[in-house]
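**Student:**
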Amino acid sequence: MQSVCQRVGTCSSCLNRQLSGFLGVIKWETRLVPAPIRTIYSETGKWEKKYGLETRKRVENWWYPRIKDEFCKISEIDKSRPKFYVLSMFPYPSGKLHMGHVRVYTISDVVARFQKMRGMQVINPMGWDAFGLPAENAAVEHGLHPASWTQSNIQHMRKQFDALGLSFTWEREVTTCLPEYYKWTQYLFLKLFEAGLAYQKEALVNWDPVDQTVLANEQVDDKGCSWRSGAKVEQKYLKQWFIKTTAYAKAMFEALSDLPAWYGIKEMQANWIGDCSGSFLDFALKVNGKITGEKIAAYTYTPEAVYGASHLYILPAHRLLHGNSSLKEVFQREFIQGKDCLTSVTAVNLLTNQEIPVVISAKPDFENYIDTKIGIPSTSTEDAAVAKNLGISFTEVIETLPNGLEKVINSGEFTGMTRQEASKALTQQAKSKGLGGDLTSDKLRDWLISRQRYWGTPIPIIHCQACGTVPVPYEDLPVVLPKVTTFTGKGASPLENVPEWVNCSCPRCKAAARRETDTMDTFVDSAWYYLRYTDPHSTERPFNKDLADYWMPVDLYIGGKEHAVMHLFYARFLSHFCHDLNMSKHKEPFHKLLVQGIIKNQTFRLATTGQYLKREEVDLTGTEPVHLKTGEKIEVTWEKMSKSKHNGIDPGVLKEEYGIDTIRLYILFAAPPEQDILWDVKTDAMPGVQRWQARLWSLVSRLIEARASGTLPHPERLSTKQKAEARKIWEQKNLVVSEVTEYFTKDHLFNAAISRLMSLSNVLHQASQPLILHSAEFEDALATLCIMVAPMAPHIASEMWKGLAHMQHKLCAHHNWEADVLHQSWPQVDPEYLRPSDVVEMAVLINNKACGKVSVPQQAAHSFEEVHELVLQSELGIRHLQGRTIKKAFLSPRTALINFLVQE
């Protein structure tokens, strides 16, 4: 039934509403007649010609519930099918999504939908990095329990995610603060403890006096302030728990070469790890000829020459002079500032049984992060000078032969070996005896995980006066956080104030004992979450090996550059460790890494005080912005969105104003993923993607109208000129399919992909009316365009596809018109488009055995990077190389052949 204005023409009230809708503001006026209801095909069976504000809203309202959840479940796994694991870094549940969240999760959503259309079995899981100081501080501030605060935030953010239509595999959701998750974090800690990789020692730590907790070095900025509270960090000696990441430094450094380009992140990881040529060796300390019971690890750059050690250096700031050591008074008594001090303390090398004196160095620091070093005059002129000045004798242990080869002498069983052979043999022997020996660098420290806070994973250790440090039995996991109702935010860990939890019995002797009250750094929780996603509901183990072996490694990991060093390093460490325990077959957790830039918005700040102002407090009408109240000049800069800087944007408000599809397209089109976005909706990006959606809609409208005109389509009626035009459309379609597919799979340049899709839509827009009516090429190109738009703008693409699917007199039978657009197969380049002269059949070998051929474009046949990527993305590559560790690949310079060497 028609409304009044449909029968008599557009009334003034309806015209006012249409104009207001165009401006994004709806003004409700007093009406004498009802307003028209814009309808869409999916509701009425009648195609709406114009894609205005009301149509957009109805399209998204209709399709949102229909496509939101269909992606989220993958209960049945078919291991015969190729998989794709796309993972975006999970958020801290702060309670509010920001545009940075929207950007990273839009990218993962697009990739997930695209890979599913390619026939992959896809997971795109989501969870919550839910422990940490912010929640505990919020509890202090608001008088709430951190669990209540965190859970309410999770519920709110989950609703925000859902409102944006993001396609996460929610059935795999994990929350790190729940016992069913941190039970397995504790399990992995105990495995590390058993392997000698988790230990406790006194250390000089970074102490945040505001948050009253220890900070890792990376959590202190270049001004010596806490990255979270902003307080000036203090140096303090505390007994802390460490994870011995240095034991895996060399393996992790070498494994970087097998990974694809990581946008400069590999170089950052390599630089952070450093050159792994030296090692730590363990020493026992003696005074007056008596073993004290204290041990110390000292670093040497040349472990093969350790039999030539003359002394052991410690720095003036060493814990032995300032901590709780029994030797503290001896060292302080013998220390003279600015002088190399020979002390009465000696150190016994527990591998070689050599005894050498301990020297307090005149230097305030050594290279990088080491504070204890072995002096070896044979390999260091500086060490030789110190030994000579202090009258310390030493033995030469390096002999240079006439041919220039260096051998080890006077070194016990290692005598006669080359330096390289001796280094390998000595460090392996030290490792096997548990006396150090891991090849590592002087730049890397072990991972300090102790935090003196409540809201974290309890460290599963019990301290017994008789038995010492005792691990909690596996069957007693999880060690659950007790209910704490009072938070002061000051002093020692709140756990120490819960005697009924702290006081326990020793698992070994049953005597009275105390639980460890430090909790773990949240980076421990996030160091293995990607593995838990493969088997999130297991109650028997952290994850099932078969499931982890199928899904891992993560094919594409998406996140911010701020996590390029710490998180990625810790995640790689835990993955290597789980591999060595035979818990998974893959050492490296992440194949490709996509680092996205931040979204910035303008900030307005008073030049005199630095105070940030809201936009409405600034007068922007003049040549220079000034403060409305005082007329003072304003500094305008682009900064990361922040509530405190008054430049944040609520995604929910944007969704209501522009719609989900428009926001997604803007984020993808405004800049390549790794670049920052300067948020300014008045620039070309936002209006551009809005115009493009309207143009896409009009293309579908024109085709539907042409086929409903009463004139049947007959391709043979096209003139020679029109057939040539149709041929050009066909060629352009194939070119765009080829390029967009590469943008999606290779560099993830979604902005370039959208630009190419826009060019195809422009070509179609220029098509003549006879071509639209009679050409199968136009119809196919438009349908293909809809399919390629779908991962990025799923709502409008779904409605356009529905209109095409029910269009009369279709000419293309190869599309699956019965299924929705998100269930279509991703378009392939037509075989005839690649003429034989343009294609090279590339023979593919795996471990020197032929396994098939892959067609590659002639122009790419001599590029190793292009051939490598094309083979990996081909059906053959997916079938034979997916999920396998590629050690090296070789492209023959003379024949069409590429050989992949993979780990069996």
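Residues 281 to 1184 in this note's numbering are what the sequence shown lists, from first letter to last. All C-beta atoms, glycine included, are put in the ideal place defined by N, C-alpha and C.
Between P993 and H1089, which are expected to be in contact by the criterion C-beta below 8 Å, what is the C-beta distance as a whole number of angstroms?
**Tutor:** The sequence position of residue 993 within the sequence shown is 713, counting from 1. The sequence position of residue 1089 within the sequence shown is 809, counting from 1. With 8 Å as the limit, P993 and H1089 qualify as a contact, their Cβ atoms being about 5 Å apart.
**Student:** Here's the rule: buried if 16 or more other CB atoms are within 10 angstroms of the residue's CB, otherwise exposed. What is A665?
**Tutor:** As a working note, residue 665 is residue 385 in the sequence shown. Per the 10 Å Cβ criterion, exposed.
**Student:** With DSSP as the reference, please indicate the residues paired to L728 in a beta bridge.
**Tutor:** Within the sequence shown, the letter at position 448 stands for residue 728. F522, per the DSSP bridge assignment.
**Student:** Could you spell out where the beta strand (DSSP E) holding F646 opens and where it closes?
**Tutor:** For the purposes of this step, residue 646 is identified with residue 366 of the sequence shown, where counting begins at 1. No beta strand (DSSP E) holds F646; DSSP gives it neither H nor E.
**Student:** Can I678 and T659 be called in contact, C-beta distance under 8 Å?
**Tutor:** Within the sequence shown, numbered from 1, the residue matching residue 678 stands at position 398. Within the sequence shown, numbered from 1, the residue matching residue 659 stands at position 379. Against a cut-off of 8 Å, the Cβ pair of T659 and I678 comes out as a contact.
**Student:** Determine the burial state of Y365: buried for a count of at least 16 other Cβ atoms within 10 Å of its Cβ, exposed for fewer.
**Tutor:** The residue given as residue 365 occupies position 85 in the sequence shown. Flag for Y365 reads buried.
**Student:** Please report the distance separating the alpha-carbon of V465 from that of V898.
**Tutor:** The residue you call residue 465 lines up with position 185 of the sequence shown. The residue you call residue 898 lines up with position 618 of the sequence shown. The displayed chain sequence assigns Thr, not Val, to residue 465. Near 50 Å, if we compare the C-alpha coordinates of V898 and T465.
**Student:** Give me the Cα-Cα distance between L1152 and K723, rounded to the nearest whole angstrom.
**Tutor:** Position 872 of the sequence shown, counting from 1, holds the residue named residue 1152. Position 443 of the sequence shown, counting from 1, holds the residue named residue 723. Taking the straight line from one Cα to the other gives about 36 Å.
**Student:** Can you name the residues that DSSP bridges to E1121?
**Tutor:** Numbered from 1 along the sequence shown, position 841 holds the residue referred to as residue 1121. E1121 pairs with S1135.
**Student:** CB L592 to CB A578, shorter than 8 Å?
**Tutor:** In the sequence shown, residue 592 corresponds to position 312, counting from 1. In the sequence shown, residue 578 corresponds to position 298, counting from 1. It is a contact, given that the beta carbons lie within the stated cut-off.
**Student:** Between the alpha carbons of Q955 and I878, how many angstroms are there, rounded?
**Tutor:** Counted from its first residue, the sequence shown places residue 955 at position 675. Counted from its first residue, the sequence shown places residue 878 at position 598. If you take the alpha carbons of Q955 and I878, they lie about 7 Å apart.
**Student:** Express the C-alpha separation of K1026 and V1134 in angstroms, rounding to a whole number.
**Tutor:** Here the question's residue 1134 lines up with position 854 in the sequence shown. Here the question's residue 1026 lines up with position 746 in the sequence shown. Each residue's alpha carbon lies about 17 Å from the other.
**Student:** How would you label A792, buried or exposed, when you count the other beta carbons within 10 angstroms and need 16 or more for buried?
**Tutor:** Residue mapping note: residue 792 aligns to position 512 of the sequence shown, counting from 1. Counting Cβ neighbours within 10 Å, A792 comes out exposed, since fewer than 16 surround it.
**Student:** Please tell me whether Y754 and Y462 are closer than 8 Å, where the distance is taken between their beta carbons.
**Tutor:** On the sequence shown, residue 754 is found 474 positions in, with the first residue counted as 1. On the sequence shown, residue 462 is found 182 positions in, with the first residue counted as 1. Cβ atoms of Y754 and Y462: not closer than 8 Å.
**Student:** Shortest alpha-carbon distance to G737 belongs to which of D756, R699, S703 and T797?
**Tutor:** Counted from its first residue, the sequence shown places residue 737 at position 457. The identity of residue 737 in the sequence shown is Thr, whereas the question assumes Gly. Selected option, being the one with the closest Cα: T797.
**Student:** Tell me, which residues are paired with F1170 by DSSP?
**Tutor:** The residue you call residue 1170 lines up with position 890 of the sequence shown. Paired residue(s): N1179.
**Student:** Buried or exposed for I571, please, with buried defined as at least 16 other CB atoms from any protein chain shown within 10 angstroms of its CB.
**Tutor:** Here residue 571 is taken as the residue at index 291 of the sequence shown, counted from 1. It counts as exposed.
**Student:** Roughly how many angstroms separate the alpha carbons of P816 and A410, rounded to a whole number?
**Tutor:** Position 536 of the sequence shown, counted from the first residue, corresponds to residue 816. Position 130 of the sequence shown, counted from the first residue, corresponds to residue 410. For P816 and A410, the distance between alpha carbons rounds to 16 Å.
**Student:** Between which residues of its own chain and L303 is the CB-CB distance below 6 Å, once the five residues before and five after are set aside?
**Tutor:** In the sequence shown, counting from the first residue as 1, residue 303 sits at position 23. With a pLDDT of 33 at L303, under the threshold of 50, the predicted position of this residue should be treated as unreliable, though the coordinate-derived value follows. Excluding positions up to five away in sequence, the list is empty.
**Student:** Could you tell me the boundaries of the beta strand (DSSP E) in which I914 lies?
**Tutor:** The residue given as residue 914 occupies position 634 in the sequence shown. Segment I914 to K920, the beta strand (DSSP E) holding I914.
**Student:** Using 10 angstroms around the beta-carbon of K653, count the other beta-carbons present and answer buried if the total reaches 16, otherwise exposed.
**Tutor:** Taking the sequence shown and counting its residues from 1, the one referred to as residue 653 is at position 373. Buried is the call here.
**Student:** When you compare only the Cα positions, how much space is there between Y837 and G1132?
**Tutor:** To locate residue 837, count along the sequence shown from 1; it is residue 557. To locate residue 1132, count along the sequence shown from 1; it is residue 852. Near 30 Å, if we compare the C-alpha coordinates of G1132 and Y837.
**Student:** Tell me the DSSP secondary structure of I387 in three-state form.
**Tutor:** Here residue 387 refers to the residue found at position 107 when the sequence shown is read from its first residue. Helix at I387.
**Student:** Among residues of its own chain, excluding the 5 on either side of I943, which ones have a beta-carbon nearer than 6 Å to its beta-carbon?
**Tutor:** For the purposes of this step, residue 943 is taken as residue 663 along the sequence shown, with counting starting at 1. Only L934 meet the Cβ criterion.
**Student:** Let me know the secondary structure DSSP gives R1164 once reduced to three states.
**Tutor:** Along the sequence shown, one-based indexing puts residue 1164 at 884. DSSP places R1164 in coil when its eight states are reduced to three.
**Student:** Would you say G692 and L561 are within 8 Å of each other, going by their C-beta atoms?
**Tutor:** Position 412 of the sequence shown holds residue 692. Position 281 of the sequence shown holds residue 561. No, they are not a contact pair.
**Student:** In whole angstroms, give me the CA-to-CA distance for T1165 and W450.
**Tutor:** In the sequence shown, the residue the question calls residue 1165 occupies position 885. In the sequence shown, the residue the question calls residue 450 occupies position 170. The straight-line gap from Cα to Cα measures roughly 29 Å.
**Student:** Tell me whether N1128 is buried or exposed, calling it buried when 16 or more other Cβ atoms sit within 10 Å of its Cβ.
**Tutor:** Sequence index remark: in the sequence shown, residue 1128 carries index 848 (1-based). With fewer than 16 Cβ atoms within 10 Å of its Cβ, N1128 is classed as exposed.
**Student:** List the residues that DSSP assigns as beta-bridge partners of F364.
**Tutor:** Within the sequence shown, residue 364 is the residue found at index 84, counting from 1. The partner list for F364 (beta bridge, DSSP) reads V402.
**Student:** Just to confirm the assignment, what range does the alpha helix (DSSP H) spanning K711 have?
**Tutor:** The residue you call residue 711 lines up with position 431 of the sequence shown. Run containing K711: R699 to S712, per the alpha helix (DSSP H) assignment.
**Student:** Run the CB neighbour count on F1144, radius 10 Å, all protein chains shown included, and call it buried at 16 or more, exposed below.
**Tutor:** Within the sequence shown, residue 1144 is the residue found at index 864, counting from 1. Exposed, by the Cβ-count rule.
**Student:** Are the Cβ atoms of S730 and Q520 separated by less than 8 Å?
**Tutor:** On the sequence shown, residue 730 is found 450 positions in, with the first residue counted as 1. On the sequence shown, residue 520 is found 240 positions in, with the first residue counted as 1. Result yes, Cβ atoms of S730 and Q520 sit closer than 8 Å.
**Student:** Only counting the same chain, and skipping five residues up and downstream in sequence, which positions put a Cβ closer than 6 Å to that of V1120?
**Tutor:** The count along the sequence shown starts at 1 and reaches residue 1120 at position 840. Excluding sequence neighbours, V1120 sits near V1136, Q1138, A1141 and A1176.
**Student:** Curious, which full-length beta strand (DSSP E) runs of at least 3 residues does the stretch 810-864 contain?
**Tutor:** Those beta strand (DSSP E) runs which fall completely within the stretch 810-864 and span 3+ residues are 834-840.
**Student:** Alpha carbon to alpha carbon, what distance is there between C556 and F563?
**Tutor:** Sequence index remark: in the sequence shown, residue 563 carries index 283 (1-based). Sequence index remark: in the sequence shown, residue 556 carries index 276 (1-based). Spanning the two alpha carbons is a distance of roughly 21 Å.
**Student:** What does a CB cutoff of less than 7 Å around V1043 pick up in its chain, not counting 5 residues either side in sequence?
**Tutor:** The residue given as residue 1043 occupies position 763 in the sequence shown. For V1043, where only same-chain residues beyond five positions count, the Cβ hits under 7 Å are I1009 and Q1012.
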